[in-house]
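For the protein sequence lines, the chains are W and D, in the order given. By the working numbering, the letter at position 67 of the first sequence is numbered 67, and the numbering carries on one by one without gaps. By the working numbering, the letter at position 52 of the second sequence is numbered 1052, and the numbering carries on one by one without gaps. Every residue gets a Cβ at the ideal spot worked out from N, C-alpha and C, and that includes glycine. Since the structure is predicted, the reported quantities are computational estimates derived from the model, not experimental observations. Down below is the structure, laid out as structure tokens.
Number of protein chains: 2
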Amino acid sequence: MTEPKSKNIVWSQSEVDVQSRRAVLGHGPATVWFTGLSGSGKSTLAKAVEVSLVKRGVRAFVLDGDNVRHGLNTDLGFSPADRTENIRRVGEVCRLFYDAGLVVLTAFISPYKQDRCRVRSRHPSGGFIEVFVDCPVEVCERRDVKGLYRKARAGEITDFSGVSAPYEIPSEPELVVNTAESDLATCASEVLACLEERSVITAV
Amino acid sequence: MTEPKSKNIVWSQSEVDVQSRRAVLGHGPATVWFTGLSGSGKSTLAKAVEVSLVKRGVRAFVLDGDNVRHGLNTDLGFSPADRTENIRRVGEVCRLFYDAGLVVLTAFISPYKQDRCRVRSRHPSGGFIEVFVDCPVEVCERRDVKGLYRKARAGEITDFSGVSAPYEIPSEPELVVNTAESDLATCASEVLACLEERSVITAV
């Protein structure tokens, strides 16, 4: 972390600590970070996991890449610097949700390893769970739900991860799910199992 | 709202709506926005209300001005433009917490009326509750918990709200609490009563 630009600011300690929140809520906080190409199924998977978690009484919430660009990060585009700032801010929001005791699920391409590492470093050990949503670019392109690959190939969109901009595959994610080979329900249950193993939630 | 800088982004609708979250949680979402001079008691009051709410089983969380400047808004200072961006981002984070079903309590000087109005406009009607933490600048200065007024008077801090920068008093806040005339417990119970009246929480 670099020094904050503002001087004369003092950390204000919450009167409610993480353990108290965990006790009240019955589950731990976590940031579940889905990363993968556009069209790999991050949002779909995150939303499916969210529904399952909420049904189980877990306070879960999806932070979606596109939605955040409509609000918090409305001033950012897709240049490398803007992508980095996009992920930095989202990471800080995740940390706030984490401190509030929630399980936050993010759906951001987040192509740069360094950006993801920085978000990880802003969480207590074990609090950041990286899920690589693995899907070959050919399959993503065939799906092309939003028609973006077509535009990227036509040169109408530049800086498109996996086509005209890099996507750096996670080297040590907590979980890899393959949405080309497994269906949505299977992938979602793999994520839930991972959260159980890590004692974020209790097994049902 | 201005147009997002990013094109080709699509709003992703959550599978879990506000009503479902309310039903599960047993309380409504709200953004309770404390505004007032430095030293007026915003953080102290927000934290006291948070403790009471959590005891009552309400998912509440304080967003503190100084803390956010250590994280999300570490790149921002106290110039008018930076203050505006500070509040804009925090407002968007509030909206995310709101969507997640929480009662978020903020403690930001937020001196500009326009900035606060913009945050209000980003919430559904009734979702934004502005609490003016009223306290004469002389009293705040006498308290001077962080020693900031002394520095501001000595010219060591510029752009200090109420001294060398404006503080615009809310014209139609949902609640005014006076921390110079009432003690902490009284002010906190006034906030809780306001949340009950507005059906955010149920009376105990």
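So, does the CB of residue i fall closer than 8 Å to a CB anywhere in chain W?
i	result
residue 1074 of chain D	yes
residue 1014 of chain D	yes
Mapping the DSSP letters down to three states, classify residue i as helix, strand or coil.
i	result
residue 1043 of chain D	helix
residue 1203 of chain D	coil
residue 58 of chain W	coil
residue 1 of chain W	Low confidence applies here, because residue 1 of chain W scores a pLDDT of 47, under 50, leaving its location unreliable; read the following figure in that light. Residue state, collapsed to three classes: coil.
residue 50 of chain W	helix
residue 148 of chain W	helix
residue 37 of chain W	coil
Is the closest heavy atom of the ligand MN to the C-beta of residue i under 7 Å?
i	result
residue 1088 of chain D	Looking at this structure, you won't find the ligand MN or any other ligand, since it has none at all.
What residue does the beta strand (DSSP E) around residue i start on, and which one ends it?
i	result
residue 82 of chain W	Unbroken run through residue 82 of chain W is the alpha helix (DSSP H), 80-99; no beta strand (DSSP E).
residue 1178 of chain D	1175-1178
residue 197 of chain W	Where residue 197 of chain W is concerned, there is no enclosing beta strand (DSSP E), although the alpha helix (DSSP H) it sits in stretches over 184-197.
residue 105 of chain W	103-107
residue 1154 of chain D	Here residue 1154 of chain D belongs to no beta strand (DSSP E), and DSSP marks it neither H nor E.
residue 130 of chain W	128-134
Name, please, each residue of chain D whose Cβ falls closer than 7 Å to the Cβ of residue i.
i	result
residue 102 of chain W	1100
residue 59 of chain W	1059
Could you tell me the boundaries of the alpha helix (DSSP H) in which residue i lies?
i	result
residue 141 of chain W	137-143
residue 16 of chain W	Run containing residue 16 of chain W: none; DSSP gives neither H nor E here.
residue 163 of chain W	Here residue 163 of chain W belongs to no alpha helix (DSSP H), and DSSP marks it neither H nor E.
residue 1075 of chain D	Counting along the chain, residue 1075 of chain D falls outside any alpha helix (DSSP H), and DSSP gives it neither H nor E.
residue 1113 of chain D	1113-1121
Which bits of chain W does residue i rub up against, with CB to CB less than 7 Å?
i	result
residue 1079 of chain D	Here the premise fails: no neighbours, minimum Cβ distance about 10 Å.
residue 1005 of chain D	74, 75, 76, 77
residue 1209 of chain D	For residue 1209 of chain D there is no data in the structure shown, the boundaries of chain D being 1001 and 1204.
Contact criterion: CB-CB distance below 8 Å. Does residue i meet it with respect to chain D?
i	result
residue 198 of chain W	no
residue 27 of chain W	no
residue 56 of chain W	no
residue 51 of chain W	yes
residue 204 of chain W	no
Could you list which residues in chain D have their beta carbon closer than 8 Å to that of residue i, in chain order?
i	result
residue 32 of chain W	Those within 8 Å of residue 32 of chain W in chain D number zero; the least Cβ separation is about 14 Å.
residue 71 of chain W	1092, 1095, 1096, 1122
residue 24 of chain W	1054, 1057
Which chain W residues are close to residue i, counting only those with a beta carbon under 8 Å from its beta carbon?
i	result
residue 1089 of chain D	72, 89
Name the residues in the stretch 115-132 of chain W whose C-beta lies less than 7 Å from a C-beta of chain D; which are they? none
| For the stretch 152-176 of chain W, which residues have a beta carbon sitting closer than 8 Å to at least one beta carbon of chain D? | 157
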